[in-house]
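Worksheet: the structure to be examined is printed underneath.
There are 2 protein chains.
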Amino acid sequence: MTDTQTVSEPKNVGVTAAKGFRASGVTAGIKASGTPDLALVVNEGPSFAAAGVFTSNRVKAAPVRWSEQVLKAGELAAVILNSGGANACTGPEGFQDTHATAEKVAAELNVGAGEVAVCSTGLIGQRLPMGILLPGVETAVAALSPTGGEQAAIAIKTTDTVHKTAQVTHAQGWTVGGMAKGAGMLAPGLATMLVVVTTDALVPAAELDAALRGATRTTFDRVDSDGCMSTNDTVLLLASGAAGVAPEAAEFAEAVRTVCDDLARQLIGDAEGASKEIRIDVVNAASEDEAVDVARTIARNNLLKCAIHGEDPNWGRVLAAIGTTAAAFDPDRLDVAINGVWVCRDGGVGEDRDLVSMKDREVVITADLKAGAESATVWTNDLTADYVHENSAYST
Amino acid sequence: MTDTQTVSEPKNVGVTAAKGFRASGVTAGIKASGTPDLALVVNEGPSFAAAGVFTSNRVKAAPVRWSEQVLKAGELAAVILNSGGANACTGPEGFQDTHATAEKVAAELNVGAGEVAVCSTGLIGQRLPMGILLPGVETAVAALSPTGGEQAAIAIKTTDTVHKTAQVTHAQGWTVGGMAKGAGMLAPGLATMLVVVTTDALVPAAELDAALRGATRTTFDRVDSDGCMSTNDTVLLLASGAAGVAPEAAEFAEAVRTVCDDLARQLIGDAEGASKEIRIDVVNAASEDEAVDVARTIARNNLLKCAIHGEDPNWGRVLAAIGTTAAAFDPDRLDVAINGVWVCRDGGVGEDRDLVSMKDREVVITADLKAGAESATVWTNDLTADYVHENSAYST
Chain E
0 MTDTQTVSEP
10 KNVGVTAAKG
20 FRASGVTAGI
30 KASGTPDLAL
40 VVNEGPSFAA
50 AGVFTSNRVK
60 AAPVRWSEQV
70 LKAGELAAVI
80 LNSGGANACT
90 GPEGFQDTHA
100 TAEKVAAELN
110 VGAGEVAVCS
120 TGLIGQRLPM
130 GILLPGVETA
140 VAALSPTGGE
150 QAAIAIKTTD
160 TVHKTAQVTH
170 AQGWTVGGMA
180 KGAGMLAPGL
190 ATMLVVVTTD
200 ALVPAAELDA
210 ALRGATRTTF
220 DRVDSDGCMS
230 TNDTVLLLAS
240 GAAGVAPEAA
250 EFAEAVRTVC
260 DDLARQLIGD
270 AEGASKEIRI
280 DVVNAASEDE
290 AVDVARTIAR
300 NNLLKCAIHG
310 EDPNWGRVLA
320 AIGTTAAAFD
330 PDRLDVAING
340 VWVCRDGGVG
350 EDRDLVSMKD
360 REVVITADLK
370 AGAESATVWT
380 NDLTADYVHE
390 NSAYST
Chain C
0 MTDTQTVSEP
10 KNVGVTAAKG
20 FRASGVTAGI
30 KASGTPDLAL
40 VVNEGPSFAA
50 AGVFTSNRVK
60 AAPVRWSEQV
70 LKAGELAAVI
80 LNSGGANACT
90 GPEGFQDTHA
100 TAEKVAAELN
110 VGAGEVAVCS
120 TGLIGQRLPM
130 GILLPGVETA
140 VAALSPTGGE
150 QAAIAIKTTD
160 TVHKTAQVTH
170 AQGWTVGGMA
180 KGAGMLAPGL
190 ATMLVVVTTD
200 ALVPAAELDA
210 ALRGATRTTF
220 DRVDSDGCMS
230 TNDTVLLLAS
240 GAAGVAPEAA
250 EFAEAVRTVC
260 DDLARQLIGD
270 AEGASKEIRI
280 DVVNAASEDE
290 AVDVARTIAR
300 NNLLKCAIHG
310 EDPNWGRVLA
320 AIGTTAAAFD
330 PDRLDVAING
340 VWVCRDGGVG
350 EDRDLVSMKD
360 REVVITADLK
370 AGAESATVWT
380 NDLTADYVHE
390 NSAYST
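Residue numbers (numbering that gives the first Met the number 0), protein chains in the order written: chain E, 0 to 395; chain C, 0 to 395.
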C-alpha cells in the first residue's frame, strides 16, 4: 500500500467517497423506533460494473436470492437497503416484496429492476411493511446526494452503536469507499452483516469479483464474533469508472482489502455486549486452511471466551479447543502465547501466567502448531452477560 | 426393558449397587475447599473384564493416555479418581504422576498397576500434589466398603451441585450401576465428564466394549451442553461376574444404555448456570448421522441458546442454524416446532408463536427435515449470564 494514502480528514465518507455515486439515508417508518431505516446507493456511471459475495447459509433471505440473481449480469445501477426487517423465511410472498422494492427503485431512477440489488436486515420471519417501504423509496430518491454516504451508513444500523464507513484514495486519483452494518455475525435475530463498497476506478466486473472475493476471504470471512451465520449477509462492490483511471489489478485488490479490513475491524469493535476484541493468530500451520480452521475453533470456544472476559489467561482452554481439530500438529509440541507471554510450551506449562496482562480491550492469542509455514488470523469477541441479555430479549 | 426393573429405593447405589465391588470416597486434601476429592472403585471378581470410552480430543490428559493403554488388556481391578486437578497439559512429569498413582493403588491392593485405571478432573495445566494424593490412596483403601458407591460419587464432584448415581436390576438378578460427574462437557477448565459403570453380570470384555460404545453413542455423545470437548472425558465399565449370570447380549446392552441415559440426563440437569434443559429432536433426516449433525448444530447456536433463556420462541434462529449444515433438506420445506407448536411451516411463518409456552425448565425443539426416515435427539442447555459468570471466574 505504499502508493495508497488514507484520506486523513475526508470531506466525503463511505459509499460516496468515490466519484460517480449518490446516496441517501431516510426514515421510512419501518422501525418502530423512528430512526433512519432506508438507504439508497446509486451509481451514476459511466461504468456500472459490480460484484457481490453472499452468505453461504442455505437458508437465504429473499433479498439475498434476488441480489445473487441480479449480480449474474455483472452490473448494478443501485442498491436499496432497509433495516427493521430481514425478509427471511417469508416464503414466496417475501420474494415478491423484494421484487416489488427493486421495481419501485427502478421506476423512480428510470433503470431496469434487474440492475437494482436489495439488502434487508432485522428480525427473521416477518413480512416487510410494504405500504411504508415503497413510499419510503420515493423519499430516499429525493434525498440522494453526492455526499450522502454518512446518512446511508446511519440508516442501515440495527443494534450497531456507531455507523461504520471507511475509504482510501490512491495517488493516481481513484478511491475505494464503503459502509457496513452489523456486529460480526453476532447481530440479534441473525440480523445480518451488510456491506456496500464503491469505487470510481474503471474496473471490469470480473476483476471486481476477484478483488472482492480475495478481500472478503481474509477480512469479513475471518470475523467470527459468535459463530452464528446470518441468512442475509451481503457484501457488494460497485464501480462507476468516474475517475477515468484503470488501476493495476494488484493495487486495486489491495485497496479493496484495506477498506474491507477496516470495516471488518469496526464490526468486531462494535459487537453486541462484548468487552474484548480477540485476535487469534495461528502460525506455522501445514496449510492456510488448517490455520483458519484452528483459529476459528479457538474463536468459537465458549469456555475460552468466558475466561477472556474474566481476564483469565486460561491457556488450557486454548489447547483443548485446538485438540478438537483435524489439523496437523503434535499435542506435545504446541506453544500458546497470550498477549505475548508464552504461557504454554510444548503442550505443558510455560512462562508464568501471572506475567500476562489482560486489562486492555484487545487480546492477542498466538498458537504455534510447528507443523508448517502457513498462518491465519481470525478476530472474535469475548462472551459476556451483556451478550446473553441482548440476545435473550430481542424479539419479545 | 420389559424384563428390567429400576430398584425403587436402592439400599446401595451407583458403582456398588452391583455385587462384587467395593468403593470409597475420601478427603485427601487435593481440593483447597476441603471437600472429598479422591474416589476408589475396586472389582473383587471373580471376573475382571472391563471396557472404556475416552475423549476424542487430541489433547489428552495423562490419565486418559494411561487408562487407554491399560484397557487394551480388557481387564481392570480398580479405578482411582481424583477431583481438584485434571493432570492435563502437564508433560512427561504428569504422566509419571498418573503412573505413580496407579502403582500406589496396585501396591495397596496387591494387584498389578496395569490393572488400575486413573481418572482426574479439575484445572488443566497444573501438576497434582502427589505428596497429598499418594497418602490419600491409603486412606481411600482403608475406607473401601461394599456400600461405598454414594461416597465415591460425592468425591468426584467439581462444580456439580449434586452427586449422580443410577442403577437398574434385571429380573434375572444381575445389576448395572454407575456414577458420573460433570455438567455435560460444560465443566469449567474443561474439567471433565467422568463416568464409572459396574455390573455383576458375567460378560466378556468384547461384549462390554460393544455395549458401552453402543450406549455412549446415543447418550453421553448426545449431551452437548456448551459445545466444548474435554481433555479428560472417560467412561469405564467393569464387570465382576459376582451374580453368576451371563445375560442375553441385547438385554445387557439395554441395561447399560438405561444407566448411561439416566446419568447423561443428570449431567444436563446440573449444567453450570443453566436455566433450561433443551431437547432437540431432528426427524425425517436422510441418515442418522445427518440428524445428529443438524441437532448438534442447533444445540451449539449461541443466539438460539440466548433466545431460549429469554423464553423467546425465535424459530428463525433454528432455521439459520440448520442452514449452515450440509444435511439433505429443502429450505422451503423445513418445519420447526417449539414445545409442540409448529411455529415454522415450509420454511416460513407457521402457527402463532404466542401459542408457545416456555415457562417450564424443559424445552423441546423439533425440526422436520422431510428428507428421509431417520431421527436423532441431542440435549443441550440455554446460555445464561450465570454460565458466563461461573466460567469467567474459575481459575483466578
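All residues carry an ideal CB built from backbone N, CA and C; glycine is no exception. The structure displayed is predicted, hence computed values, not measured ones.
Cutoff 9 Å: E13(C) Cβ touching any chain E Cβ: Here residue 13(C) corresponds to residue number 14 of the second sequence, with the count starting at 1. Per the sequence presented here, residue 13(C) reads as Gly, with Glu not at that position. Not closer than 9 Å to any Cβ of chain E, the Cβ of G13(C) fails to qualify, so no.
A238(E), enclosing beta strand (DSSP E) - first and last residue: For the purposes of this step, residue 238(E) is identified with residue 239 of the first sequence, where counting begins at 1. Residues 233–238.
Cβ contact check for the stretch 89–98 of chain C and the stretch 338–354 of chain E: 3 or more pairs under 8 Å: yes
Sequence-distant residues of its chain with Cβ nearer than 6 Å to N380(C) (five each side left out): The count along the second sequence starts at 1 and reaches residue 380(C) at position 381. S224, A270, A273, listed in sequence order.
Cβ shell of Q419(C) (< 8 Å), same chain only, five flanking positions each side left out: With chain C covering 0 to 395 only, the question about residue 419(C) has no answer from this structure.
Nearest-angstrom Cβ-Cβ length linking K384(E) and A384(C), presumed shorter than 8 Å: Residue mapping note: residue 384(E) aligns to position 385 of the first sequence, counting from 1. Residue mapping note: residue 384(C) aligns to position 385 of the second sequence, counting from 1. The amino acid occupying residue 384(E) in the given sequence is Ala; Lys does not appear at that position. Correct: roughly 4 Å between the Cβ atoms.
Residues of its chain near S374(E), where Cβ-Cβ distance is below 8 Å and the 5 sequence neighbours each way are ignored: Residue mapping note: residue 374(E) aligns to position 375 of the first sequence, counting from 1. Within the same chain, S374(E) has close Cβ partners D280, V281, V282, N283, A284, E287, A290.
G124(C) versus L382(E) - alpha carbon distance: As a first step, residue 124(C) must be located in the second sequence, where it is residue number 125. As a first step, residue 382(E) must be located in the first sequence, where it is residue number 383. When rounded, the distance between both Cα atoms is 23 Å.
Inter-residue spacing [alpha-carbon to alpha-carbon] between H308(E) and K275(E): As a first step, residue 308(E) must be located in the first sequence, where it is residue number 309. As a first step, residue 275(E) must be located in the first sequence, where it is residue number 276. Their backbone Cα atoms lie some 7 Å apart in a straight line.
Proximity test, Cβ basis, 9 Å: E389(C) and chain E: Working through the second sequence from its first residue, we reach residue 389(C) at position 390. Closer than 9 Å: yes.
A116(E) vs E102(E) beta-carbon contact at 9 Å: Mapped onto the first sequence, residue 116(E) falls at position 117. Mapped onto the first sequence, residue 102(E) falls at position 103. Cβ atoms of A116(E) and E102(E): not closer than 9 Å.
Neighbouring residues, chain E, relative to T296(C) (Cβ below 7 Å): Numbered from its first residue, the second sequence carries residue 296(C) at position 297. Here the premise fails: no neighbours, minimum Cβ distance about 10 Å.
Chain C within 9 Å of F328(E), Cβ atoms only: The residue given as residue 328(E) occupies position 329 in the first sequence. F328(E) counts as touching chain C.
Contact set between W314(C) and chain E, taken where Cβ atoms lie within less than 7 Å: In the second sequence, counting from the first residue as 1, residue 314(C) sits at position 315. Going along chain E in sequence order, the residues near W314(C) (Cβ under 7 Å) are G124.
Cutoff 7 Å; reference Q171(E); Cβ partners in own chain excluding five residues on either side: Position 172 of the first sequence, counting from 1, holds the residue named residue 171(E). Here the set comprises V244, P246.
Residue-chain proximity (H308(C), chain E), Cβ-Cβ < 9 Å: Working through the second sequence from its first residue, we reach residue 308(C) at position 309. Yes, H308(C) lies at the interface with chain E (some Cβ there is under 9 Å from its Cβ).
Three CB pairs or more closer than 8 Å across the stretch 69–84 of chain E and the stretch 330–339 of chain C: no
Pairwise C-alpha distance: I131(C) and A27(C): By 1-based counting over the second sequence, the position of residue 27(C) is 28. By 1-based counting over the second sequence, the position of residue 131(C) is 132. Those two C-alpha atoms are separated by around 6 Å.
Where the alpha helix (DSSP H) containing L333(E) begins and where it ends: Here residue 333(E) refers to the residue found at position 334 when the first sequence is read from its first residue. Per DSSP, L333(E) belongs to no alpha helix (DSSP H) and is neither H nor E.
Helix, strand or coil at T157(C) according to DSSP, with G and I counted as helix: In the second sequence, the residue the question calls residue 157(C) occupies position 158. T157(C): coil per DSSP, three-state reduction.
CA nearest to the CA of A99(E), picked from P134(E), E43(E), T230(E), V194(E): Here residue 99(E) refers to the residue found at position 100 of the first sequence. Among P134(E), E43(E), T230(E), V194(E), the Cα nearest to that of A99(E) is on P134(E).
For G322(C) and V293(C), the rounded distance between their alpha carbons: In the second sequence, counting from the first residue as 1, residue 293(C) sits at position 294. In the second sequence, counting from the first residue as 1, residue 322(C) sits at position 323. Using only the alpha carbons, I get a separation of about 9 Å.
Per-residue burial, S66(C) [other beta carbons within 10 Å of its own, 16 or more giving buried]: What you label residue 66(C) is simply residue 67 of the second sequence in a count that begins at 1. Classification for S66(C): buried.
Simplified DSSP assignment, three categories, for C305(E): Taking the first residue of the first sequence as 1, we reach residue 305(E) at position 306. Reduced to three states, the DSSP call for C305(E) is helix.
contact_flag[the stretch 350–370 of chain C, the stretch 317–333 of chain C] where n(CB pairs < 8 Å) is 3 or more: yes
Between the CA atoms of A241(E) and K18(E) - distance to the nearest angstrom: Translated into positions along the first sequence, residue 18(E) becomes position 19. Translated into positions along the first sequence, residue 241(E) becomes position 242. Computed Cα separation, rounded: 6 Å.
Interface partners of C227(E) on chain C, CB under 9 Å: Counted from its first residue, the first sequence places residue 227(E) at position 228. Simply N300, N301, L302, L303, R316, A319, A320, T323.
Continuous beta strand (DSSP E) stretch holding A24(C): start and end: Numbered from its first residue, the second sequence carries residue 24(C) at position 25. Note that residue 24(C) is Gly in the sequence shown, not Ala. Residues 20–25.
Interface residues of chain E facing L382(C) [CB-CB closer than 9 Å]: Position 383 of the second sequence holds residue 382(C). By Cβ distance, chain E contributes N301, L382, Y386, V387, N390, S391.
Enclosing alpha helix (DSSP H) for G268(C) [first to last residue]: For this step, residue 268(C) is matched to residue 269 along the second sequence. Element bounds for G268(C): 248–268.
Nonlocal neighbours in the same chain, by C-beta distance under 7 Å from S356(E), ignoring five residues either side: Against the first sequence, residue 356(E) aligns to sequence position 357. If we look at S356(E) and ignore the five residues flanking it on each side, its Cβ neighbours are N338.
Distance between beta carbons of E43(C) and S239(C), contact taken as under 8 Å: Position 240 of the second sequence, counted from the first residue, corresponds to residue 239(C). Position 44 of the second sequence, counted from the first residue, corresponds to residue 43(C). Yes, they are in contact, since the Cβ atoms of S239(C) and E43(C) sit about 6 Å apart, within 8 Å.
Closest Cα partner of D208(E) within the set R332(E), V255(E), G148(E): Mapped onto the first sequence, residue 208(E) falls at position 209. When only C-alpha atoms are compared, the closest one is V255(E).
Contact belief for A320(C) with L262(C) at Cβ below 8 Å, rounded distance in angstroms: For the purposes of this step, residue 320(C) is identified with residue 321 of the second sequence, where counting begins at 1. For the purposes of this step, residue 262(C) is identified with residue 263 of the second sequence, where counting begins at 1. At roughly 27 Å, the Cβ-Cβ gap does not stay under 8 Å, so A320(C) and L262(C) are not in contact.
Per DSSP, cross-strand counterpart(s) of V52(C): Taking the first residue of the second sequence as position 1, residue 52(C) is located at position 53. Partner(s): V234(C).
Cβ neighbour criterion (16 or more within 10 Å) applied to I86(C): The count along the second sequence starts at 1 and reaches residue 86(C) at position 87. What sits at residue 86(C) in the sequence shown is Asn, not Ile. Answer is buried; the Cβ neighbour count reaches 16.
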